[in-house]
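Heads up, the thing below is written out as structure tokens.
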Amino acid sequence: MWDQRAKNAATKLATRGQISNICWSPSGRYFAVVGREDGLDIFDIASGAQTPVVSAAFDDLAYLVRWDASEKLLFLATHQGAVEVYAWPTMQPLTTIPAHAGSCNCLGIDPRGKVLATGGADATMELWSTDDFAMTHVVDGYESPLLFADFNMDGRFIASASDDMDIKIHDSFSGEQVHKLAVDSLTTALEWHPRNLALAYGSAGAGKGNVVKPTVTIFLKS
């Protein structure tokens, strides 16, 4: 853990193995670490404790974890394509969302906490209501597994990227595509600005010969 005002690490957390995903809770109090084969550890950063308050193993490989905006729900994406839903902080299992035929590679939670987006190896994105965990839309048109999904500041739009050479923006209410950005190389990161319609995305970079120039681009949605 790094304090941006200092040059040295403020805190070091010992994890059990290789890390596949990390995530802050919306309040910034909790920090989750997903191991490639070692399950989930969650630390209470506010307390200063360096041992996890939650340490759990799962039957299926976990890919990534996200909290909802209210910090009452915890979503865990798995290799088999399901999303496990837990109450936080009790970690009581609530339901299993049978999201994808292949692995569930990405999760997006809209800032209102009403819609969960899942992206899978089956080249689809699905939108789910967090009220009853019912699917509201299936978004297809991808030719490769989904890798990124992120909602904008008010949850109206969701941007997504796969190994296709474009980034798609959909209306989260209707599921309709409203824009498509052509890219010249694989997308490696994607995230909306927290206060306006600016979308930042990173690319692996294109170049001639052995010269590759990774880039970060800002797109302003009108």
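Here the sequence shown is numbered in numbering that gives the first Met the number 0, starting from 0 and rising by one per residue. All C-beta atoms in this analysis are idealised placements derived from N, C-alpha and C, irrespective of residue type, glycine included. Computed from a predicted structure; not experimentally measured.
Check whether residue i and residue j have beta carbons under 8 Å apart
i    : j    : result
L238 : V33  : A question about residue 238 goes unanswered here, because the residues of the chain that appear run from 0 up to 221.
D162 : S143 : yes
F57  : C105 : no
H78  : D59  : yes
I168 : A116 : no
G27  : G80  : no
D149 : G204 : no
Same chain, Cβ closer than 6 Å to residue i, five either side skipped, listed in chain order
i   : result
L75 : A61, V64 and E83
I21 : V32
S19 : V33 and R35
P10 : Residue identity differs from the one stated: residue 10 is Thr in this sequence, not Pro. Closer than 6 Å at the Cβ level, and outside the excluded window around T10, lie M0.
Close-in-space but distant-in-sequence residues of the same chain around residue i (CB under 7 Å, 5 per side omitted)
i    : result
P235 : Because residue 235 is not part of the residues shown, which for the chain are 0 to 221, the question remains open.
V182 : M164, D165, I166 and S202
P252 : Only positions 0 to 221 of the chain appear in the structure, and residue 252 is not among them; the question remains open.
W23  : F30
Cβ-heavy atom distance, residue i to the ligand ZN, below 7 Å
i    : result
E125 : Ligands in the displayed structure: none, and consequently the ligand ZN is not present.
Neighbourhood of residue i by C-beta distance below 8 Å, restricted to the same chain and skipping five residues each side
i    : result
T123 : H99, V137, V138, D139, Y141 and L145
A197 : W191, I217, F218, L219 and K220
F172 : R155
For residue i, the residue or residues it bridges with in DSSP
i    : result
N104 : Per DSSP, none; premise fails for N104.
L198 : W191 and F218
L39  : V33 and A55
W66  : L73
W1   : A8
(message) For the stretch 118 to 133 against the stretch 86 to 104, do three or more pairs of beta-carbon atoms, one drawn from each stretch, fall closer than 8 Å, so that the two count as touching?
(response) yes
(request) Tell me the start and end of each unbroken alpha helix (DSSP H) in the stretch 113 to 187 that is at least 4 residues and wholly inside, in chain order. (result) none
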